[in-house]
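Visitor:
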Amino acid sequence: MKLYNYFRSSASFRVRIALQLKGLSYDYMAVHIAKGEHRKDAYAAVSADMLVPMLETDGGERLSQSMAIIEYLDETHPASPLLPADALGRARVRALAQSIACEIHPLNNLRVLKYLVRELKVDDEAKNTWYRHWCREGLEAFERQLAQLPAAKYCYGDTPTLADCCLVPQIFNAKRFDVNFDGLPRTMAAYEACMALEAFQKAQPSACPDNEA
0 MKLYNYFRSS ASFRVRIALQ LKGLSYDYMA VHIAKGEHRK DAYAAVSADM
50 LVPMLETDGG ERLSQSMAII EYLDETHPAS PLLPADALGR ARVRALAQSI
100 ACEIHPLNNL RVLKYLVREL KVDDEAKNTW YRHWCREGLE AFERQLAQLP
150 AAKYCYGDTP TLADCCLVPQ IFNAKRFDVN FDGLPRTMAA YEACMALEAF
200 QKAQPSACPD NEA
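Once you know that position 38 of the sequence shown is 37 in numbering that gives the first Met the number 0, the rest is easy, because the numbers rise by one and skip nothing.
1) How far does the alpha helix (DSSP H) with asparagine 210 in it reach, from first residue to last?
2) Hey, how far is the Cα of proline 52 from the Cα of proline 204?
3) So, with DSSP's three-state summary, where would you put glutamate 60?
4) Along the chain, where does the alpha helix (DSSP H) that runs through tyrosine 130 open and close?
5) Output yes or no for whether 8 Å exceeds the beta carbon distance between phenylalanine 6 and asparagine 179.
6) To the nearest angstrom, how far is it from the Cα of alanine 100 to the Cα of cysteine 165?
7) Taking only the alpha-carbon atoms, compute the straight-line gap between histidine 37 and leucine 50 and give it to the nearest angstrom.
8) Taking all protein chains shown into account, decide if proline 168 is buried (16 or more other Cβ within 10 angstroms of its Cβ) or exposed.
9) Which residues in the same chain as leucine 115 place their Cβ atom closer than 7 Å to its Cβ, once the five residues preceding and following it in sequence are excluded?
10) Please confirm if the region 75-84 is in contact with the region 131-146, defined as three or more CB-CB distances below 8 Å between the two stretches.
11) Taking the Cβ atom as the reference point for each residue, do arginine 110 and serine 65 lie within a distance shorter than 8 Å?
12) Express the C-alpha separation of glutamate 55 and histidine 140 in angstroms, rounding to a whole number.
13) Spatial neighbours of glycine 156 within its chain, please: CB distance less than 8 Å, with the 5 preceding and 5 following residues excluded, ordered by chain position.
14) Whole angstroms are fine: how far does the CA of tyrosine 153 sit from the CA of aspartate 85?
15) Near proline 105, which residues of its chain fall below 8 Å by C-beta distance, leaving aside the five closest residues on each side in sequence?
16) Given this structure, state the Cα-to-Cα distance separating proline 149 from leucine 72, to the nearest angstrom.
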């Protein structure tokens, strides 16, 4: 398999975590988003939406969107499942994952932040305030969801799930913007439990071949 991704992309990070948790090997194909490589013809020929991540399967099929990619990996490589066996559990985990992937991330991804600066002429401090506001509000909602679930080592249960694949990259990015994590005990406990695992450590940005200090 080939994974087209960018070390700092949280969506790419999600897929790297899933691949590591399942012990799947892949070729790391770096696409430098900050330099606009995703918008060049060479990448457009590979990825229709010109976004990362994009997974090329060992059969040559191309898949976009991190959530779809992870569920594909889970269905085709069922060992170390990332979704619970029961329908209610799967719904709970998907809700947690989508709270991050659909509610927090879209408001704070790179192209949105660049639009705020370049088109709307927002200064850096205002941009960072925007990020911190929406990220903190989303994490508070995430914490409320966790508080309604049974006690668990990770987001849901005692093994990492799709929800953890989404949570860890979001916390990594939030740390870069100095988001306040006070009052998020379940959220941060799940994050710390994940980061104690080798799979999460190997998937983190600093472990990527295209990492920039």
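Built from N, CA and C at the ideal position, the CB exists for glycine as well.
This structure is a prediction, so every number in the text was calculated from the model and none was measured.
Guide: The answer reads as follows:
1) Here asparagine 210 belongs to no alpha helix (DSSP H), and DSSP marks it neither H nor E.
2) Going by C-alpha positions, proline 52 is about 14 Å away from proline 204.
3) Note: glutamate 60 maps to coil in three-state DSSP.
4) Its alpha helix (DSSP H) spans residues 123-146.
5) Taking 8 Å as the Cβ cut-off, phenylalanine 6 and asparagine 179 do not qualify as a contacting pair.
6) Rounded to the nearest angstrom, the two C-alpha atoms are 7 Å apart.
7) Straight-line Cα distance between these residues: approximately 6 Å.
8) Here proline 168 is buried. Its C-beta has 16 or more other C-beta atoms within 10 Å.
9) In its chain, beyond the 5 residues on either side, Val121, Lys126 and Trp129 have a beta carbon closer than 7 Å to the beta carbon of leucine 115.
10) As far as the Cβ criterion goes, the region 75-84 does not touch the region 131-146, which means the pair count is below three.
11) With respect to serine 65, arginine 110 sits apart: the two C-beta atoms are not nearer than 8 Å.
12) As written in the sequence, residue 140 is alanine, which differs from the histidine given in the question. Roughly 34 Å separates the two Cα atoms.
13) Excluding positions up to five away in sequence, the list reads Pro83 and Gly88.
14) Taking the CA atoms as reference points, aspartate 85 sits about 17 Å from tyrosine 153.
15) So the qualifying residues of the chain are Val111.
16) Cα-Cα distance, rounded: 27 Å.
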